[in-house]
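Asks:
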Amino acid sequence: MMPDTKSLKSEQNDCVMPVRSANPIRARSLIRDNLEKQAGCLNLIHSRMPNIKVFSGTSHPDLAQRIVDRLGIDLGKVVTKKFSNLETCVEIGESVRGEDVYIVQSGSGEINDNLMELLIMINACKIASASRVTAVIPCFPYARQDKKDKLPGGEEKDEKAKLAKKNYDWKFRAHAQSRAPISAKLVANMLSVAGADHIITMDLHASQIQGFFDIPVDNLYAEPAVLKWIKENIPEWKNSIIVSPDAGGAKRVTSIADRLNVEFALIHKERKKANEVASMVLVGDVKDKIAILVDDMADTCGTIVHAADRLVEAGATKVYAILTHGIFSGPAISRINNACFEAVVVTNTIPQDGHMRDCPKIQCIDVSMMFAEAVRRTHNGESVSYLFSNVPY
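Each residue of the sequence shown is one higher than the one before, counting from 47 in my numbering.
1) Could you name each continuous alpha helix (DSSP H) segment of 4 residues or more that falls completely within the stretch 353–436, going from the start of the chain to the end?
2) Mind checking aspartate 249: buried by the 16 CB within 10 Å criterion, or exposed?
3) State the DSSP-derived secondary structure class of phenylalanine 186, mapped to helix, strand or coil.
4) Mind listing, in chain order, the continuous beta strand (DSSP E) runs of no fewer than 3 residues lying wholly within the stretch 157–185?
5) Pull up the DSSP beta-bridge partners for serine 229, would you.
6) In chain order, what residues of the same chain have a beta carbon less than 6 Å from the beta carbon of lysine 99, not counting five sequence neighbours either side?
7) Can you tell which of Tyr432, Glu419, Val430 and Val413 has its C-alpha closest to the C-alpha of leucine 109?
8) Of the choices Ala174, Ser380, Met416 and Asn131, whose alpha-carbon is the least far from that of arginine 403?
9) Quick check on alanine 252: does DSSP put it in helix, strand or coil?
10) If you draw a straight line from the C-alpha of lysine 231 to the C-alpha of valine 182, how long is it?
11) From histidine 221 to lysine 193, what distance separates their C-alpha atoms?
12) When the Cα of alanine 378 is compared with those of Cys386, Ala311 and Gly348, which residue comes out closest?
13) Nearest-angstrom Cα distance between isoleucine 276 and methionine 415?
14) Nearest CA to the CA of aspartate 331: which residue from Val289, Phe259 and Glu137?
15) For the candidate residues Asn384, Ala420 and Val327, whose alpha-carbon lies nearest to that of glutamate 359?
16) How close, in whole Å, do the beta carbons of alanine 344 and leucine 369 come, if the pair is a contact with beta carbons under 8 Å?
17) Quick check on DSSP: helix, strand or coil for isoleucine 280?
18) Is the beta carbon of leucine 312 less than 7 Å from the beta carbon of alanine 296?
19) Please list, in chain order, all residues of the same chain as proline 187 whose beta carbon is under 7 Å from its beta carbon, the five residues on each side excluded.
20) Quick check on the DSSP output: the beta strand (DSSP E) that includes valine 340 runs from which residue to which?
21) For the ligand FMN, any of its heavy atoms closer than 6 Å to the Cβ of alanine 240?
22) When the Cα atoms are used, what is the spatial distance from isoleucine 411 to leucine 273?
23) Is the beta carbon of glutamine 191 closer than 7 Å to that of serine 229?
24) Can you tell me whether DSSP reads lysine 333 as helix, strand or coil?
25) Per DSSP, what are the beta-bridge partners of valine 150 in this structure?
26) Is it buried or exposed for serine 286, if we count other Cβ within 10 angstroms and need 16 for buried?
27) Let's see if you can read the secondary structure: which residues bound the alpha helix (DSSP H) around lysine 193?
28) With 16 other CB atoms within 10 Å as the buried threshold, where does alanine 418 fall?
29) Look up serine 286 in the DSSP assignment and give the residues it is bridged to.
30) CB-CB under 7 Å to phenylalanine 434, same chain, minus the five flanking residues each way: which ones, in chain order?
31) Would you mind working out which of Leu117, Asn383 and Asn307 sits nearest arginine 422, comparing C-alpha positions?
32) Assuming threonine 444 and proline 184 make a contact with CB atoms under 8 Å, what is their CB distance in whole Å?
33) Starting from isoleucine 138, trace the beta strand (DSSP E) both ways and give me its first and last residue.
34) Quick one: what's got a C-beta closer than 7 Å to proline 258's C-beta in the same chain, skipping five residues either side?
35) In this structure, does DSSP put serine 325 in helix, strand or coil?
36) Under DSSP, the beta strand (DSSP E) around leucine 109 begins and ends at which residues?
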């Protein structure tokens, strides 16, 4: 937060002492002491005045504004435009020389354009002699492409090819060389080459993505805000069960279930292809309980809608879904409207105003205070680990 101007002025005035002595040697000594004290006070003032600039990309200006409001500073001036050939042009409207710069840009909307805009903003600040440039990326783009897990070839269309693939020798499958990209690593390299010195993000699809970087990465968690929402908005939360819609989220739901002191379950799913679920098997007892589905992101929402139907079939009385990143592309909104959810809760790492207008079941948790506190602590050289288990007020 910005320090009190009156207190700073009083501290500065306290440092100024009159020099009155008939002895010239004594006078010089007093002047030297006075100057040293003034320099010490100015250093104190400088250390308490945040030498910080926060800029916003075009992907999520509302979140950036909330962050600077929390910090008590103004949003930096930046002009972003496109040329007629759709090239992105960014102009930083104020000096960043020697400043600690934070650029807020989420991986949402026109993801490729927004990513390129972020890279250009980072580079523009870096070559303008910024002391440090931190990319605040609430939703990390291309996070789902974090490993090579696909087999060679695409989806076979004729029955003979499908049968051949089904009978594919498992030993050969294990050693087959996939040609799928690891795009999350590519994005990490691009951010580093652009000049980013630090990354702040939230709920990475795979925590191992932090290892793709050779620069510090702070991966914040929405879990504290999720726990707070559950306790404040679900009266019967003590009779709930936390459910993961896939095996990959087991660690996430067990952590939340332990902190709420309730049971957990998970759903094992098999995919025929991307964005299409073939079958689901529920592991755990949800009968006569409130089921709370927890996941890091939802795109087309096919998984969570199938999971909700499966939970109702197994005897759950109510079904909630809590998601960190609500992408909601394609038929997602219509699927949620027709599903059996009491509420679908998302954070504002991605803009949700339009989604909330189209779907009354969607509710939003504001996580701007967590990013603002992470920025403040990073700027002041404090530990960020407090935010892993607490919501700043």
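For glycine and all other residues, C-beta sits at the position ideal for the given N, C-alpha and C. Only a predicted model underlies this, so the values are computations on that prediction, with no experimental measurement involved.
Replies: So, from the listed chains and residues:
1) 378–384, 399–404 and 414–426
2) buried
3) Here phenylalanine 186 sits in coil by DSSP.
4) 178–183
5) Paired residues: none, contrary to the question.
6) Gly122, Val142, Glu145 and Val147
7) Val413
8) Check the Cα spacing between arginine 403 and each of Ala174, Ser380, Met416 and Asn131: the tightest is with Ser380.
9) coil
10) The straight-line gap from Cα to Cα measures roughly 17 Å.
11) Below a pLDDT of 50, predicted positions are generally treated as unreliable, and histidine 221, at 48, falls in that range; no measurement from the model is reported.
12) Between alanine 378 and the set Cys386, Ala311 and Gly348, the nearest pair of CA atoms involves Gly348.
13) 18 Å
14) For the options Val289, Phe259 and Glu137, the alpha carbon positioned closest to that of aspartate 331 is the one of Val289.
15) Val327
16) 5 Å
17) coil
18) yes
19) If we look at proline 187 and ignore the five residues flanking it on each side, its Cβ neighbours are Gly153, Ile157, Leu161 and Val233.
20) It spans 336–344 - the beta strand (DSSP E) in which valine 340 sits, taken as one unbroken run.
21) In terms of ligand content, the structure shown is empty, and the ligand FMN therefore cannot be addressed.
22) 11 Å
23) yes
24) coil
25) Ser102 and Val182
26) buried
27) Taken as a continuous stretch (DSSP letters only), lysine 193 belongs to no alpha helix (DSSP H), as it is neither H nor E.
28) buried
29) Looking at the DSSP assignment, serine 286 forms a beta bridge with Ile336.
30) Non-local C-beta neighbours of phenylalanine 434 in its own chain, meaning closer than 7 Å and more than five positions away in sequence, comprise Tyr267, ordered along the chain.
31) Leu117
32) Here the chain has residues from 47 to 439 only, and residue 444 is not among them.
33) 134–138
34) Reading off the sequence shown, one finds phenylalanine at residue 258, where the question assumed proline. Once the five neighbours on either side are set aside, the close Cβ partners of phenylalanine 258 are Ala230, Lys231 and Ala234.
35) strand
36) From DSSP, leucine 109 is part of no beta strand (DSSP E) but of the alpha helix (DSSP H) over 107–117.
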